[in-house]
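Have a look at the structure below before the remarks.
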Amino acid sequence: ARVVIDLAGEAVEEEAGDQKAPVPKSQKAGKGPGKGPPLPKPQARRVVQISPETPETSATRSPSRFHIQRPQNCQRGGVLVMSSEPADRDLAILVRHLTDSGRHQKDVRIDMALLNLGRLRALRYERNLFNAATRPVDGQRFLEMCSSCGVVAGERPVKLEGLDDLINALEGEIEELEEYRKDIECGYVQFNALGEVFYPGEKVWMTIDGLSEPLGLTVLQSWYQLQSTLFGPAKSFHVELEFL
41 ARVVIDLAGE AVEEEAGDQK APVPKSQKAG KGPGKGPPLP KPQARRVVQI
91 SPETPETSAT RSPSRFHIQR PQNCQRGGVL VMSSEPADRD LAILVRHLTD
141 SGRHQKDVRI DMALLNLGRL RALRYERNLF NAATRPVDGQ RFLEMCSSCG
191 VVAGERPVKL EGLDDLINAL EGEIEELEEY RKDIECGYVQ FNALGEVFYP
241 GEKVWMTIDG LSEPLGLTVL QSWYQLQSTL FGPAKSFHVE LEFL
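Every position in the sequence shown, counted from 1, becomes a number in this note's numbering once 40 is added.
As structure tokens, then:
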């Protein structure tokens, strides 16, 4: 079973001045109706660097799978231009679909890709589970993700070459990413850092009224959305969880 939880944020114009604040105890406990799952215990995330001996080296990686095109005199923002080569077709379709950019859209706006970075991470997470599965029935979520985008996954192992590089490139667009992660390790969480807390594969738990035991859940994916309000665009956070 899966559950999707939405967290509404402040208006976008006000978020730039958000101050860091400790996570409330009520949110940690996760008790009471509508409280949702508590934040997982902060852990340092290990960053794995690709060594020259691994399959995805610069010699085998095609730099044309995507590139970032920026406005003149700008170091941030712009668009992701996905490759139109037949070998890169599946990755391009998946990225456009998961970032809500349109199946036939040539370019993907960087800001839209960052809002949906958790979905791209989820695609990588599900691909890894699919490739590591020992039974044909395992890893079905990856097949479902591909099928919903009109992509045929094929036989194990599925590479989706360029996906890891794309995620790393998008993470490089977040100037405060390292600050967010350090704050999480210290127990502070900003709204814009919730995607780093609810990372695909993380284990969380929540308490529901009427049940004596807490429920364990696995984070499947998370994403942000921009919605128009009377006070301007507002950013909301969404997370999809699966019961253990």
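We put the CB at the ideal spot given by N, CA and C, even for glycine.
Inset, instruction - Ignore the nearest five residues each way along the sequence and tell me which others in W263's own chain have a CB closer than 7 Å to its CB. - result: L155, N156, G158, R159, H278
Inset, instruction - With distances taken Cα to Cα, identify the nearest neighbour of E216 among N232, M246, A209. - result: N232
Inset, instruction - Could you round the C-beta distance between E280 and L255 to whole angstroms and report it? I think they count as a contact, below 8 Å. - result: About 15 Å separates the two Cβ atoms, so there is no contact after all.
Legend entry - A173 versus P197, S187, E184, residue with shortest Cα-Cα distance: P197
Legend entry - S124 and F106 closer than 8 Å at C-beta: no
Inset, instruction - Assign C114 to buried or exposed, taking buried as 16 or more other Cβ atoms, counted over all protein chains shown, within 10 Å of its Cβ. - result: exposed
Inset, instruction - Could you tell me whether the Cβ atoms of F182 and E166 are closer together than 8 Å? - result: yes
Legend entry - the segment 126-143 contacting the segment 184-192, beta-carbon criterion three pairs below 8 Å: yes
Legend entry - Under 8 Å between C-beta atoms of A153 and L210: yes
Inset, instruction - Give the straight-line distance between the Cα atoms of G202 and K222, rounded to the nearest whole angstrom. - result: 28 Å
Inset, instruction - Give the straight-line distance between the Cα atoms of D178 and E282, rounded to the nearest whole angstrom. - result: 15 Å
Inset, instruction - Confirm, please, whether the CB-CB distance from L257 to V244 is below 8 Å. - result: yes
Legend entry - Simplified DSSP state of L270, which is helix, strand or coil: coil
Legend entry - Reference L200; option with closest CA among V148, F170, C226, I214: F170
Legend entry - Proximity winner among F271, S252, E253, G235, relative to D46 (alpha-carbon distances): G235
Inset, instruction - Grab me the residues of L270's own chain with a C-beta within less than 7 Å of its C-beta, minus the 5 sequence neighbours each way, in chain order. - result: none
Inset, instruction - Over the uninterrupted alpha helix (DSSP H) stretch that includes I108, give me the two end residues. - result: Not the alpha helix (DSSP H): I108 falls in the beta strand (DSSP E), residues 106-109.
Inset, instruction - Give the range of the beta strand (DSSP E) segment to which R149 is assigned. - result: 147-149
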